[in-house]
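The next block holds one structure in the form of structure tokens; read it before the comments.
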Amino acid sequence: MSEQLVEVKDLKVTYYQNGVETPVVRNVSFEIKKNETLGLVGESGSGKSVTSKAIMRLIAEPPGKIANGEILFEGKNLLKMKEKQMQKVRGKDIAMIFQEPMTSLNPLYTCGSQIAEAILLHNKCSKQEAWERAVEILKMVGVPSPEKRAQSYPHELSGGMRQRVMIAIALSCNPRLLIADEPTTALDPTIQAQILKLIHDMQKEKDMSVLLITHDMGIVAENCDRVAVMYAGQILEIADVKTIFGNPAHPYTIGLLKAIPKLDEKVDRLYNIRGMVPRFNELPNGCTFGPRCDFCDKKCEEEAPQLVNMGDGHLVRCHYAGYLPERGI
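Using my numbering, you'd call the opening residue of the sequence shown number 0 and step up by one each time.
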């Protein structure tokens, strides 16, 4: 039996902007193993959320389009499924926690009814059984007074409670893969830690895989088994979490790690990577990270680097992968 749950191969997603087809995810490949947490990291505008929506087949056409590639879930290509088939997968086998619960939850329905709706959609049971299951799940995800909270509307709950409701909806049908897109955005650190621990505990209890999308390297260090670093619609580096933090091989990954404040160091100014993530319709020739890289040379400007296998599953998209120490990094 394959240990891979999900395999994304040469995924390309495009959007039409001013009548021009612009690629926003370009030849992205990675896999998610069974029962593992893969972190997908990078700055805002790197294409992380678009990649997750492509896995769920939630790219709106138009203006978007999955132009190329395969997304294999337990060996079946999701991109070849008809929408009715995909509806059976979406929510039951693959579930997603969206970035902002206030815009993802329906303000006109109680939290309990929204969880029960997901249960009824994928299971043969009565409305009463679905409601009882919804209350049970709310209790499981740590919502106090679940019977009362099930009767509440989203606006009556705090941000942390709304996020727990989103998690309850996602877990209601025991998915094999949980996609968590910035699940702790706008939450204070205490609630953030609780939400991440809840996802981790549910993963162990239900034997599911997790795709954790974030820009916070601290969250990655504590919660992920492997890491894929994304920039301008491409994967620049993939490795296990110890390798990423102990022996990063791409200048962008190194820059992300250097930008993390250290408690034992006093500095006048925190490190930041110069420049900004380029717009997808203004990508440079050659290496997309080149204009922000201190070690960019003529080869980097003219020739796009390919993913290089450094061994043990450590993939790097850099002309000088393995030679950075000689270049002063």
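Each residue gets a CB set at the ideal place from its N, CA and C atoms; glycine is no exception.
In the same chain as E35, and ignoring 5 residues on each side of it, the C-beta atoms closer than 8 Å to its own belong to S208, V209, D224, R225, in chain order. Secondary structure within the segment 180-248: the alpha helix (DSSP H) runs of 4 or more consecutive residues, fully enclosed, are 188-205, 216-222, 240-245 (chain order).
DSSP, reduced to helix, strand and coil, places T287 outside both helices and strands of the structure shown, so it counts as coil. Setting aside the 5 residues that flank it on each side, G41 is surrounded in the same chain by K47, H214, V228, M229, Y230, each with a C-beta closer than 7 Å to its C-beta; the list follows chain order. The DSSP-derived three-state label of T21 is strand. For K33, there is no enclosing alpha helix (DSSP H), as DSSP marks it with neither H nor E. Note that the C-beta distance between R316 and L306 is below 8 Å.
Of all alpha-carbon atoms in D187, K196, L10, K32, the one lying nearest the alpha-carbon of V23 is that of L10. P182 and Q98 have their alpha carbons spaced roughly 6 Å apart.
When DSSP states are grouped into helix, strand and coil, R316 belongs to the strand group. In this structure I212 is in contact with L39, their Cβ atoms being roughly 5 Å apart against a cut-off of 8 Å. Take A66, set aside five residues on each side of it, and the residues of its chain with a beta-carbon closer than 6 Å to its own are K11, T13, in chain order.
If you compare the alpha carbons of L282, H313, G310, A133 with that of E301, the shortest gap goes to L282. DSSP places V276 in the coil class of the three-state scheme, outside both helix and strand. DSSP, reduced to helix, strand and coil, places A115 within a helical segment of the structure shown. A straight-line Cα-Cα distance of about 34 Å links E73 and I190.
Here L235 is not near M201, since their CB atoms are 8 Å or more apart.
Contact annotation, P106 with P153: C-beta distance approximately 6 Å; criterion of less than 8 Å satisfied. The beta-carbon separation of Q150 and G111, rounded to 6 Å, stays under the 8 Å limit for a contact. Judged by DSSP secondary structure, I259 falls outside any alpha helix (DSSP H); it is assigned neither H nor E. When DSSP states are grouped into helix, strand and coil, E69 belongs to the strand group.
Per the C-alpha coordinates, the member of K147, P143, N173, C172 positioned closest to G159 is P143. Contact check for F29 against V7 passes: the beta carbons are separated by less than 8 Å.
With fewer than 16 other Cβ atoms inside 10 Å of its own Cβ, N246 counts as exposed. Q113 sits buried, since 16 or more C-beta atoms from the chains shown fall within 10 Å of its C-beta.
Setting aside the 5 residues that flank it on each side, Q233 is surrounded in the same chain by R25, each with a C-beta closer than 6 Å to its C-beta; the list follows chain order.
Per DSSP, the continuous beta strand (DSSP E) segment holding M95 begins and ends at 93-96. Residue R161 holds the alpha-carbon nearest to the alpha-carbon of V140 among E60, S125, R161, N122. Assignment of beta-bridge partners to T13 by DSSP yields P22, K64. Boundaries for L306: no alpha helix (DSSP H) harbours it, while the beta strand (DSSP E) harbouring it runs 306-308, taken from the DSSP string. Nearest in C-alpha terms to C299, of all of C172, Y319, E60, is Y319. Secondary structure of E300 (DSSP, three-state): helix. With respect to the 8 Å criterion, L195 and I166 are not classified as neighbours on the basis of their beta carbons. Proximity to V164 across P62, V19, P145, G254 peaks at P145, based on C-alpha coordinates.
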